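Student:
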Amino acid sequence: MTIDDILGHVRTFPGSLVLSPEPGGEYPELAWGDHFVYYASDGRIPQRIQPYATIVTKDYPGDEESRLDADGRWRINIHVTRERFAELVGQEASTVDFAGVDLAAADTVLPHPVYARAGLVAVVNPGERTGALLADLLREAHDRAMARATRA
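Residue numbers 1 to 152, in the UniProt record's numbering, belong to the letters of the sequence shown in order.
(1) Output yes or no for whether 7 Å exceeds the beta carbon distance between A93 and G62.
(2) Is the region 20–39 in contact with the region 48–62, if contact means three or more CB pairs nearer than 8 Å?
(3) Whole angstroms are fine: how far does the CA of L30 sit from the CA of residue 176?
(4) Kindly indicate which residue of D136, L88, E140 has the alpha-carbon position closest to the one of A116.
(5) Taking A53 as part of the beta strand (DSSP E), name the residues at either end of that continuous run.
(6) Given this structure, state the Cα-to-Cα distance separating V18 from T2, to the nearest angstrom.
(7) By the DSSP assignment, the alpha helix (DSSP H) with A145 in it spans what residues?
(8) Just mark F98 as buried or exposed, buried being the case when its beta carbon has 16 or more other beta carbons within 10 Å.
(9) Would you tell me roughly how many angstroms separate the C-alpha atoms of G15 and A122, rounded to the nearest one?
(10) What residue from N125, Q47, L138, A135 has the CA that sits closest to L103's CA?
(11) Applying the 10 Å Cβ sphere with the 16-neighbour rule, what's the burial state of S66?
(12) Looking at the strands, I want to know which residues DSSP matches up with N125.
(13) With R75 as the anchor, note down where its beta strand (DSSP E) starts and where it stops.
(14) From the DSSP output, which residues share a beta bridge with P111?
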């Protein structure tokens with residue numbers, strides 16, 4: 001599974017918006033090359049809503065455990081429900097314990113190294129084991145974001 005595969009998949013969702021900052025744009029250099037996925041029926045980036053999924057291609061300050069600065073490594077992060085988090089990770093998001101968790105393991109659903117307690121799971125270099133599951137998780141996250149937006 002590639003970044004382009006994932007972006008192509010989420011772009012099929014109604015109201016999907018993918019923000020992909022590039023050099024020379026209005027977004028910080030740190031975000032260049034990464035992707036931020038929102039539900040935005042009007043095609044505009046929501047101002048007070050976090051993306052429901054992100055794809056990061058490098059380590060961020062304080063978030064180096066996935067070792068994304070190595071060539072070819074990247075990570076997808078997806079917001080899931082508390083129940084789904086527990087099902088996927090085997091722990092509650094609010095009390096996640098990273099002891100014994102290899103946050104650099106590839107093609108494995110992991111608690112997000114920084115935002116697990118907020119309900120984010122992560123997969124470094126998704127592949128055969130996680131590809132179909134990621135497609136489902138992205139759809140679930142998009143549907144929740146769409147439902148929240150229509151209630152507002």
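Just so it is clear, CB atoms sit at the ideal spot from N, CA and C, and this is done for glycine as well.
Since this is a predicted model, take the numbers as computed values, not measurements.
Tutor: The structure says:
(1) The residue labelled residue 93 in the question sits at position 93 within the sequence shown. The residue labelled residue 62 in the question sits at position 62 within the sequence shown. No, the pair does not count as a contact, with Cβ atoms beyond the cut-off.
(2) yes
(3) The structure shown has nothing for residue 176, since the chain only spans 1 to 152.
(4) Taking the first residue of the sequence shown as 1, we reach residue 116 at position 116. Ranking the options by Cα distance to A116, first place goes to L88.
(5) As a working mapping, residue 53 is identified with position 53 in the sequence shown. That run of the beta strand (DSSP E) goes 53–56.
(6) As a working note, residue 18 is residue 18 in the sequence shown. As a working note, residue 2 is residue 2 in the sequence shown. Their Cα atoms are separated by approximately 16 Å.
(7) Taking the sequence shown and counting its residues from 1, one reaches residue 145 at position 145. Start and end: 131–151.
(8) As a first step, residue 98 is located in the sequence shown; it is residue number 98 there, counting from the start. Under this definition F98 is an exposed residue.
(9) Translated into the one-based positions of the sequence shown, residue 15 becomes position 15. Translated into the one-based positions of the sequence shown, residue 122 becomes position 122. Distance between the alpha carbons of G15 and A122 is about 23 Å.
(10) Within the sequence shown, the letter at position 103 stands for residue 103. L103 has its Cα closest to that of N125, out of N125, Q47, L138, A135.
(11) Here residue 66 refers to the residue found at position 66 when the sequence shown is read from its first residue. With 16 or more Cβ atoms within 10 Å of its Cβ, S66 is classed as buried.
(12) One-based indexing of the sequence shown puts residue 125 at position 125. In the DSSP output, where bridge partners are listed per residue, N125 has none listed.
(13) For the purposes of this step, residue 75 is taken as residue 75 along the sequence shown, with counting starting at 1. Element bounds for R75: 75–79.
(14) Residue numbering aside, residue 111 sits at position 111 when the sequence shown is read from its first letter. P111 pairs with V121.
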